[in-house]
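Residue numbers for the sequence shown, in this note's numbering: -18 to 417.
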Amino acid sequence: IDSAKVQRFGRRFGGSEAILSDSSGTLKVVWFNMPFVAKALKAGERIVVSGRIRHYRGRLQMDNPEWEPFDESMAAGRLVPVYSSTQGLGQRTLRRLVQTAVKNVAAKLPDPLPERWRELEGFDPLADALRTYHAPLNWGVMGRARKQLALREFLAIQAAVLMRRAEWQEGQAAPNLEYRDGVREYLDSLPFKLTGSQSDALDDILHDIRGPRPMLRLLQGDVGSGKTVVAIASMLAAVRNGYQAVLMAPTEILAEQHYRTLTAMLGGEGALESVFAPSWFPRPLRALLLTGSLSAAEKRQVRGDTANEGADIVIGTHALLEKDLAIPRLGLAVIDEQHRFGVMQRAKLRQKGANPHLLVMTATPIPRTLALTVYGDLEVTTIDELPPGRKPIETTWVTPLERDFAYAAVRQRLSRGEQAFVICPLVEESEALDAR
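Here it is in structure tokens:
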């Protein structure tokens, strides 16, 4: 430290300023709004600073760096980890806590990698990898330790999803759901033909639900690719074989949208009706909607009808997970927007029936490698073809500085008589707020 003083920046704000030097030159260091730092610094003492250096008025300057006395420093001459922190918990304190934890706990942690495999592949023991990663001597050893820890993390995820798959498929599935009757007639009644990709996806599902084990399949496809049509055909296969089917969506508005789509395809004009008699089905069908906004009396009615097997298809939100909802002959459960639900919700829905088949859907593209890692318990089917006549979706990404450009594009669309949505994030997720 060559010098240190309290410095005033403008009329109101005070801070600290110090001039530091070493064999390579001098550096001006400024701490804004922290006049107390200057009082702790004394000329001639040695300190360690960490931060970003910039050129300012012809000299090198560092703003608001971390600092500590050289004699107490854990960072001098080495890479320093920067952890996610919170107000009141500084990096210096956090680093000491992490180092203490690594020192006291690392050697006690079980290593998921077998010792013989580690020796063959040249991997370090888990404790050594943790120590190296949190206090690396250089970028090379840090990167090596990071990859070794990442492999262990992926291994743990894979073990968890495979255990989940084994647990789900334990026991006998709902009896084979023969699909020859009902599904073909439903498809013939549609005013359009399925795309090749839709047909392939439906074949995958119908093959699974005829097997001896519960289906576990992820159906992904862009908005407008026709996932709902495929899901309805799958649910009709369950109903045609004497079982019930449910479709769970994360928000009320999406649940209502699915319900109206279903009723329209069953000949109900898309209204919130409940009993339908399509000419191609051997008997009337009953579909119900269950959401959190229903009155207590309406919920009791839906629960009673479902428990008494008076409902063939139930579409709803998280309300489907309520304990007092019984679905005695649940053969197929469909979950839309899979990423909005967790493993626990999936398990709760499964408990409504005796090993029902499960189909989860998402419009969020998931790369195959990620799908195999995170959704390793699910078989993956992708609808990668849009129905004829559908215009491709164009996505334009703009920065906050280009907001006026975005609004100009919206105004241009509005001038043509088109509509626009402005979507804002919620502080907390809510199926009711999402819906309205």
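Think of the CB as a built atom: it goes at the ideal place given N, C-alpha and C, for glycine as much as any other residue.
- When DSSP reads this structure, residue 47 sits in a beta bridge with 31.
- In the structure shown, the three-state DSSP call for residue 330 is helix.
- Taking 9 angstroms as the cut-off, the Cβ atoms of residue 95 and residue 201 do not count as close.
- Between residue 304 and the set 278, 334 and 275, the nearest pair of CA atoms involves 334.
- For secondary structure counted as the alpha helix (DSSP H) over 4 or more consecutive residues, the region 81 to 168 holds these complete runs in sequence order: 96 to 102, 107 to 115 and 120 to 149.
- Excluding residues up to 5 positions away in sequence, -17, -16, 7 and 9 lie with their Cβ nearer than 7 angstroms to the Cβ of residue 0 in the same chain.
- Between residue 239 and residue 287, the gap from beta carbon to beta carbon reaches 9 angstroms or more.
- In its chain, beyond the 5 residues on either side, 288 and 290 have a beta carbon closer than 7 angstroms to the beta carbon of residue 309.
- Cβ atoms of residue 307 and residue 337 stay farther apart than 8 angstroms, at about 13 angstroms.
- In this structure, the straight-line span from the alpha carbon of residue 116 to that of residue 386 is close to 47 angstroms.
- The beta carbon of residue 90 is closer than 8 angstroms to those of 107, 108 and 111 in its chain, skipping five residues each way along the sequence.
- With respect to the 9 angstroms criterion, residue 229 and residue 171 are not classified as neighbours on the basis of their beta carbons.
- A Cβ-Cβ separation of about 7 angstroms places residue 266 in contact with residue 259 under the 8 angstroms criterion.
- Note on geometry: alpha-carbon atoms of residue 142 and residue 192 lie some 21 angstroms from one another.
- Assigned with DSSP and collapsed to three states, residue 68 falls in coil, not helix or strand.
- Per DSSP, the continuous alpha helix (DSSP H) segment holding residue 233 begins and ends at 233 to 246.
- Annotated as proximal: residue 205 and residue 368, with beta-carbon spacing under 9 angstroms.
- In the DSSP assignment, residue 213 falls within the alpha helix (DSSP H) that extends over 208 to 221.
- Within a 10 Å sphere around the beta-carbon of residue 396 sit fewer than 16 other beta-carbons, which makes this residue exposed.
- Per the coordinates, the alpha-carbon of residue 125 lies some 21 angstroms from the alpha-carbon of residue 139.
- In the structure shown, residue 279 falls within a helical segment according to DSSP collapsed to helix, strand and coil.
- Of the residues 78, 38, 13 and 217, the one whose Cα lies closest to the Cα of residue 47 is 13.
- Assignment of residue 388 by DSSP, reduced to helix, strand and coil, places it in the helix class.
- Under the DSSP assignment, residue 18 falls in the alpha helix (DSSP H) whose first and last residues are 17 to 21.
- The C-beta distance from residue 199 to residue 341 rounds to 5 angstroms, short enough to fall under 8 angstroms.
- Counting only residues of its own chain and dropping the five nearest sequence neighbours on each side, residue 363 has a CB closer than 6 angstroms to the CB of 201.
- In terms of Cα proximity to residue -12, the closest of 299, 4, 371 and 15 is 15.
- With fewer than 16 other Cβ atoms from the protein chains shown falling within 10 Å of its own Cβ, residue 26 counts as exposed.
- From the listed residues 65, 28, 71 and 35, the smallest Cα separation to residue 52 is found for 28.
- Nearest to residue 178 by alpha-carbon distance, out of 207, 68 and 311, is 207.
- Taking all protein chains in view, the Cβ of residue 169 is surrounded by fewer than 16 other Cβ atoms within 10 Å, so the residue is classified as exposed.
- Taken atom to atom, the span from the alpha-carbon of residue -14 to that of residue 33 is near 21 angstroms.
- Per DSSP, reduced to three states, the secondary structure at residue 366 is coil, with no helix or strand assignment.
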